[in-house]
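Numbering (the UniProt record's numbering), first residue to last: 1 to 230.
Data block below; observations after.
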């Protein structure tokens, strides 16, 4: 079994919980609280900045130009194309998108960012990719599931969001490329390194669930003033 297939198999309970989360269900049903959409936009904007930085760190670990070019392309897509689903959420919520792009990091977003930064600081390319892959993978799985269920019909205000994350037929998605890199790097790693990468992958998967939970319930700092950490 390929390493990536093993990771996806291990992550199935988490993926199932993500599919069942009320935020994800709400995307399919076309109905979500305005406050949840706003909090998601604010925190995902912070998260994607970190995501792009970790992609940049991956370039430092690359030995060939093709890998470097891939990560460079993903940085550009993360910084520019990912604005599209955020703007869609803001339109549905009837809020000013630009007014919600400078929020302070909430605890879950802070933890997720630090989890990825740790892989960039202390890990190999295998570790970095393992920490990054669950985000595009779980979003792709959400989009595919909603599409199969017919949730991307024009009557759903989130139809374009679903279509955005659905892989294009006949094209290699970023997710597929990341899993290819995981398999390639894992084949050259020892068992301890593969186990460490697996744990990074599974933690990122679980943090994806926590991110949806955070946004849906607007889970923020409770006892101290909001932390101005970007």
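Built from N, CA and C at the ideal position, the CB exists for glycine as well.
The structure presented is a predicted model; accordingly, all values stated were derived computationally and were not measured.
Please state whether DSSP places residue 76 in a helix, a strand or coil. Reduced to three states, the DSSP call for residue 76 is helix.
Inter-residue Cα distance where the pair is residue 7 and residue 113: Going from the Cα of residue 7 to the Cα of residue 113 covers about 21 Å.
Alpha helix (DSSP H) segments (min. 4 residues) lying fully within the segment 106-178: The segment 106-178 is shown to contain whole alpha helix (DSSP H) runs of 4 or more residues at 107-122, 125-132, 134-148, 159-165, in chain order.
Compute the beta-carbon to beta-carbon distance between residue 133 and residue 178, rounded to the nearest angstrom, for a pair I have assumed lies under 8 Å. Their Cβ separation, rounded to whole angstroms, is 4 Å, which keeps residue 133 and residue 178 in contact under 8 Å.
Could you check the C-alpha separation between residue 181 and residue 126 for me, to the nearest Å? Roughly 8 Å separates the two Cα atoms.
Taking all protein chains shown into account, do 16 or more other C-beta atoms lie within 10 angstroms of the C-beta of residue 31, making it buried, or fewer, making it exposed? Per the 10 Å Cβ criterion, exposed.
Assuming contact is defined by CB atoms lying nearer than 8 Å, are residue 164 and residue 27 in contact in what I supplied? No, the Cβ-Cβ distance between residue 164 and residue 27 is not below 8 Å.
Would you please state the rounded distance, in angstroms, between the beta carbons of residue 52 and residue 124? I believe it to be under 8 Å. Going by Cβ atoms, the distance from residue 52 to residue 124 rounds to 20 Å, so no, they are not a contact pair.
Nearest-angstrom Cα separation, counted from residue 207 out to residue 105: Cα to Cα, the separation comes out at about 15 Å.
Find out if the Cβ-Cβ distance for the pair residue 130, residue 34 is shorter than 8 Å. Going by C-beta atoms, residue 130 is not nearer than 8 Å to residue 34.
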